[in-house]
Each structure stands twice: as C-alpha cells, then as structure tokens.
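Participant:
Number of protein chains: 2
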Amino acid sequence: MSAETTRPAGDLSPSARRILHAAARLFALQGYSATSTRDIAAAVGVRQPALYKHFPSKDAILSALVDAAVGPALAAARDLESRPGRAAAHLYRWLGDYLARLEDSPYLLVSILVTPELGQDRFAAERRALDRLEQVTTDLVARGQAEGDLRPLDPRSGARMVLALFDALALPETAVAAREIADFALHGLLADPARLDDLRREAAAPLPPG
Amino acid sequence: MSAETTRPAGDLSPSARRILHAAARLFALQGYSATSTRDIAAAVGVRQPALYKHFPSKDAILSALVDAAVGPALAAARDLESRPGRAAAHLYRWLGDYLARLEDSPYLLVSILVTPELGQDRFAAERRALDRLEQVTTDLVARGQAEGDLRPLDPRSGARMVLALFDALALPETAVAAREIADFALHGLLADPARLDDLRREAAAPLPPG
DNA sequence: GTCTATATCGGGATAGAC
DNA sequence: GTCTATCCCGATATAGAC
Numbered sequence: 000m001s002a003e004t005t006r007p008a009g010d011l012s013p014s015a016r017r018i019l020h021a022a023a024r025l026f027a028l029q030g031y032s033a034t035s036t037r038d039i040a041a042a043v044g045v046r047q048p049a050l051y052k053h054f055p056s057k058d059a060i061l062s063a064l065v066d067a068a069v070g071p072a073l074a075a076a077r078d079l080e081s082r083p084g085r086a087a088a089h090l091y092r093w094l095g096d097y098l099a100r101l102e103d104s105p106y107l108l109v110s111i112l113v114t115p116e117l118g119q120d121r122f123a124a125e126r127r128a129l130d131r132l133e134q135v136t137t138d139l140v141a142r143g144q145a146e147g148d149l150r151p152l153d154p155r156s157g158a159r160m161v162l163a164l165f166d167a168l169a170l171p172e173t174a175v176a177a178r179e180i181a182d183f184a185l186h187g188l189l190a191d192p193a194r195l196d197d198l199r200r201e202a203a204a205p206l207p208p209g
Numbered sequence: 000m001s002a003e004t005t006r007p008a009g010d011l012s013p014s015a016r017r018i019l020h021a022a023a024r025l026f027a028l029q030g031y032s033a034t035s036t037r038d039i040a041a042a043v044g045v046r047q048p049a050l051y052k053h054f055p056s057k058d059a060i061l062s063a064l065v066d067a068a069v070g071p072a073l074a075a076a077r078d079l080e081s082r083p084g085r086a087a088a089h090l091y092r093w094l095g096d097y098l099a100r101l102e103d104s105p106y107l108l109v110s111i112l113v114t115p116e117l118g119q120d121r122f123a124a125e126r127r128a129l130d131r132l133e134q135v136t137t138d139l140v141a142r143g144q145a146e147g148d149l150r151p152l153d154p155r156s157g158a159r160m161v162l163a164l165f166d167a168l169a170l171p172e173t174a175v176a177a178r179e180i181a182d183f184a185l186h187g188l189l190a191d192p193a194r195l196d197d198l199r200r201e202a203a204a205p206l207p208p209g
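Sequence lines, in order, name chains G and E.
With numbering that gives the first Met the number 0, letter number 97 in the first sequence gets 96, and the count goes up by one each step, no holes.
With numbering that gives the first Met the number 0, letter number 82 in the second sequence gets 81, and the count goes up by one each step, no holes.
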C-alpha cells in the first residue's frame with residue numbers, strides 16, 4: 000500500500016482495478032476530498048461499503064494510485080541510468096514512454112501528481128515517491144547539461160517545469176498529445192534545438208544493454 | 000463575486016484580503032475541500048463564523064481568488080492585443096509580468112489554477128474565466144506562429160503547456176523563478192531560440208501606445 | 001464585526017445478514 | 001464479496017448576544 004512497495008498494477012484484482020479507474024477519473028474531475036466513497040462506488044456500480052473489501056480506506060485508494068503512477072516511471076528511469084547513451088536522449092525516451100503509458104492508462108494518473116491533498120502529513124510516504132520522481136528527473140537534466148546538450152539553468156527548476164507539463168496531459172477529451180509534451184520539454188531544455196532530431200534518433204533506437 | 004466582474008483586489012477590505020491570503024495558502028498546501036473554514040479562521044486569528052461577515056460562503060472565497068488571479072491577467076493580455084509589436088514579444092512580456100505579479104502576490108494564486116474542485120458544476124463561471132485565459136494565450140501563440148516566430152504546433156496545446164508551467168511557480172519556499180518559467184515557455188515555443196534575445200529586448204522596451 | 005452555541009448535513013467506516 | 005443499517009465525527013452555515 001505504501002509508496003515504498005511500488006507494486007505493479009498487475010497485482011491488483013479486477014475489482015480493485017475498476018475501483019482505481021473510477022476513483023482516478025473522479026479525483027481528476029473534482030478533486031480527492033470532493034469525491035466521496037459513495038461517488039466512487041456509484042461509478043463502479045456497487046454500494047459504498049463494498050469498496051472496503053478491496054481497500055482499507057479512501058486514503059489507501061489514493062496511495063495505490065500514486066504507486067501505480069510513480070512506480071513504473073521510477074523503475075524505467077533507474078533502468079536507463081545503467082545504460083550507455085546521452086542523458087538528453089534518455090530523458091526524451093523516458094518522457095515519451097512514460098507519457099504514452101499515462102495516455103493509454105485507464106487511470107488518468109496525471110492529475111494525481113498535482114493532488115494538493117498529498118501535501119498533508121498523512122501522505123508523507125506518497126510525497127517521498129513524488130520527490131524521488133523529481134530527483135531522477137533532476138539528475139537526468141544535470142547530466143544532460145554536463146554533456147553539453149542542455150542549456151544551463153537550475154536543474155531542479157528544469158525538472159519541476161518538465162513535470163509540471165504533465166498536467167497538460169490532463170483528461171482524455173482535452174488532452175495534449177504525449178509527444179507534443181516531450182517535444183516541448185526538450186525544446187525548453189535544449190541548448191541547441193537543432194540537435195533534437197539527432198536525440199530523437201538516439202531515443203528511438205533500441206535500448207542498448209547496460 | 001462572479002468571475003465576470005473581474006473586480007480588482009483593491010476593492011476588498013483589509014480583513015477580506017487577510018482571509019484570501021490565508022485561504023489561498025491553505026488551498027495550495029492541502030487542497031480546497033480538505034481545508035475547513037475553521038482552518039482558514041485559525042490562520043487569520045478569528046473564529047470560524049467571523050468569516051461569514053466577509054464572504055457569504057466558502058465557495059465565494061475560492062471564487063474571489065479565481066477573480067483576483069485571472070482578472071488582471073486577462074486585462075493585461077487584452078491591453079497588449081491593441082498594441083503594435085510581435086505577438087511572441089507580447090507573450091514573453093505578458094508571461095514575465097503576470098508571473099512576477101503572482102510571485103509577489105500574497106495570494107499564492109498559482110495553485111488555484113489547478114484546483115480540481117473547479118471542475119464541479121457550481122464553479123462554471125470560474126471555469127469560464129480560466130477558459131478565457133487559455134483562449135487569449137492560444138491567440139497569442141497562433142499570432143506568433145503566423146508571424147513566423149513560433150514553431151508550428153497546435154496553438155491550443157501550446158497554450159495549455161505554457162499555462163501548465165505556472166504550477167512550477169508553486170509555493171514560495173520551493174518556487175521556480177518567474178523568469179525561468181517565461182524563458183522555458185519561450186524556448187518551448189520558438190522556431191529559432193536565437194531570436195530570444197531579440198524578443199527579450201522588444202519585451203523589455205516600454206510598451207508602445209495602442 | 002466578533003463571539004458562543006447550535007442546527008443540519010454529508011462523509012468515512014463498521015456490524016452483521018446473506 | 002455485496003448488501004442494509006447505522007455509528008460517529010467533522011464541516012458549513014445560522015442565530016442571537018455583546
């Protein structure tokens with residue numbers, strides 16, 4: 000349940016998945032606190048107490064969503080760290096893959112990333128997961144700068160702005176395409192945008208073994 | 000109270016301003032619904048019912064915050080429309096001014112822009128205000144493309160991504176600087192970043208009369 | 001314009017039958 | 001594993017004294 004476990008979504012029962020799907024959609028549309036467990040249950044087609052056979056609390060639902068959103072992204076980023084290649088290309092590949100995954104995901108996880116309720120003390124574990132996401136992004140930006148591909152700016156600021164762009168993915172009906180976001184992010188960071196085609200090629204190539 | 004009025008913040012009593020300040024901070028930290036009117040009152044140093052002498056409801060507080068956040072930005076953008084000059088330079092100037100204003104503002108309005116509760120029906124008027132903000136941004140992007148300064152991408156997507164960056168302004172302690180955001184946005188949009196210095200000069204010059 | 005006291009409602013969670 | 005019924009609490013808002 001905690002963000003430490005980064006349990007893959009595959010471990011969840013079909014019922015639990017349906018609950019997460021419905022909850023994520025409602026959280027995105029109207030916010031976490033404004034969504035009642037009755038709302039979630041109605042969207043799933045069951046009565047409110049039925050949820051508690053799958054999750055011990057409403058908070059646990061949000062926690063599971065954070066895990067499902069952040070876990071795969073962290074795993075992918077760490078995998079990339081061990082591979083050869085330019086950090087800027089890794090960043091581009093990582094953004095494209097992760098954003099496309101979110102786009103396809105039924106969970107609409109993006110808006111979870113900006114759920115302000117996570118600022119409360121009881122979600123400290125989830126906040127740590129988000130902090131790790133920011134940290135791996137910061138590392139990629141810093142490496143890209145050291146390698147000369149990315150323009151000089153505070154790498155933490157760069158990471159924050161890249162992650163802030165995720166919110167543009169938003170809801171399906173109005174979404175900005177994943178590739179548009181990845182392109183915008185790289186344009187925002189690159190020292191010389193002429194190198195983007197080059198990076199795109201490297202990022203599209205099969206991943207060399209670490 | 001409605002977003003239509005775009006009433007300047009100057010119309011508010013000092014007490015009302017203190018309430019808005021405290022409320023904005025708490026909404027940003029833990030979310031709108033998760034913040035109780037008791038929380039707000041405690042932050043202001045009064046008891047909960049005292050708030051109702053200044054605002055008729057909790058929703059009205061959020062509504063006033065949206066007005067204060069969006070009103071000046073729309074006014075500034077419309078003013079720019081009537082002036083000569085390149086749209087890309089206008090966009091840069093507008094972003095810099097508006098973001099700096101938010102940075103200085105005691106209201107921490109940024110996170111208001113992503114408050115998911117605004118998705119609920121009863122905030123339709125506030126959503127329209129945010130839609131207008133997106134529309135003026137879209138228009139600026141489209142004009143910048145027509146003038147050849149901005150690279151081709153869906154102007155609506157471009158506007159969404161620019162506005163999504165606002166969230167990086169976040170809270171004071173961890174904020175990304177306003178200028179960093181404006182620079183990142185322009186880099187993300189520009190056809191040729193070499194033109195940025197030029198645009199910066201035009202944006203820094205005194206505004207020519209319309 | 002702030003207070004105390006309180007009405008009223010809705011939400012999270014549990015008990016226990018099926 | 002879902003249901004009905006219910007507990008309990010916290011939240012918004014109002015009443016009325018000062």
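C-beta: ideal position from N, C-alpha, C; glycine also.
Would you mind sorting Gln47(G) into buried or exposed? The rule is 16 or more other CB atoms within 10 Å of its CB.
Facilitator: Flag for Gln47(G) reads exposed.
Participant: Against chain G, with Cβ distances strictly below 8 Å, would Glu179(E) count as a contact?
Facilitator: With 8 Å as the cut-off, Glu179(E) counts as an interface residue toward chain G.
Participant: Would you please verify whether the beta carbon of His186(G) is less than 8 Å from any beta carbon of chain E?
Facilitator: Output row for His186(G): interface = yes.
Participant: Determine the extent of the alpha helix (DSSP H) in which His186(E) is found, giving its start and end residues.
Facilitator: Segment Ala177 to Leu188, the alpha helix (DSSP H) holding His186(E).
Participant: Count the other CB atoms within 10 Å of the CB of Tyr31(E); is the residue buried (16 or more) or exposed (fewer)?
Facilitator: Looking at its Cβ environment, which holds 16 or more other Cβ atoms inside 10 Å, Tyr31(E) is buried.
Participant: Quick test of your reading: Leu73(G) and Arg131(G), contact by CB under 8 Å. State the CB separation rounded to the nearest angstrom.
Facilitator: So it is a contact: roughly 6 Å between Cβ atoms.
Participant: With a CB to CB cut of under 6 Å and the five nearest residues on each side skipped, what residues in its chain are close to Ala99(G)?
Facilitator: Closer than 6 Å at the Cβ level, and outside the excluded window around Ala99(G), lie Ala177.
Participant: Run through chain E and tell me which residues come within less than 7 Å of Val113(G), C-beta to C-beta.
Facilitator: The contacting residues are Val113 and Asp166.
Participant: What separation, rounded to the nearest whole angstrom, lies between the Cα atoms of Ile18(E) and Ser35(E)?
Facilitator: When rounded, the distance between both Cα atoms is 13 Å.
Participant: Give me the chain E residues within the contact set of Arg159(G), using Cβ-Cβ distance strictly less than 7 Å, ordered along the chain.
Facilitator: Those within 7 Å of Arg159(G) in chain E are Ala167 and Val175.
Participant: Count the other C-beta atoms from every protein chain shown that fall within 10 angstroms of the C-beta of Gly187(G), then say buried if there are 16 or more, exposed otherwise.
Facilitator: Buried, since its Cβ has 16 or more Cβ neighbours within 10 Å.
Participant: In angstroms, rounded to a whole number, what distance separates the CA positions of Ser156(G) and Gly84(G)?
Facilitator: Cα to Cα, Ser156(G) sits roughly 23 Å from Gly84(G).
Participant: State the start and end residues of the unbroken alpha helix (DSSP H) segment that holds Lys57(G).
Facilitator: It spans Lys57 to Glu80 - the alpha helix (DSSP H) in which Lys57(G) sits, taken as one unbroken run.
Participant: For Glu102(E), decide whether its Cβ has a neighbour in chain G, counting only Cβ atoms nearer than 8 Å.
Facilitator: No - not a single Cβ of chain G is within 8 Å of the one on Glu102(E).
Participant: Note down, in chain order, each residue of its chain lying with its Cβ closer than 8 Å to the Cβ of Leu168(G), except the 5 sequence neighbours on either side.
Facilitator: Around Leu168(G): Leu98, Leu101, Glu102, Val109, Ala174, Val175, Ala177 and Ile180.
Participant: Quick one, are the C-beta atoms of Tyr211(G) and His20(G) less than 8 Å apart?
Facilitator: Any answer about residue 211(G) is impossible in this case: the structure gives chain G only from 0 up to 209.
Participant: What does the alpha-carbon distance come out to for the pair Gly44(G) and Ala23(G)?
Facilitator: Near 15 Å, if we compare the C-alpha coordinates of Ala23(G) and Gly44(G).
Participant: Which whole-angstrom value describes the C-beta separation of Val69(G) and Ala163(G), a residue pair presumed to lie in contact below a C-beta threshold of 8 Å?
Facilitator: Not quite, the Cβ-Cβ distance comes to about 16 Å (not below 8 Å), so this is no contact.
Participant: 8 Å is my cut-off, CB to CB: does Pro192(G) come that close to chain E?
Facilitator: True, the Cβ-Cβ gap to chain E drops below 8 Å.
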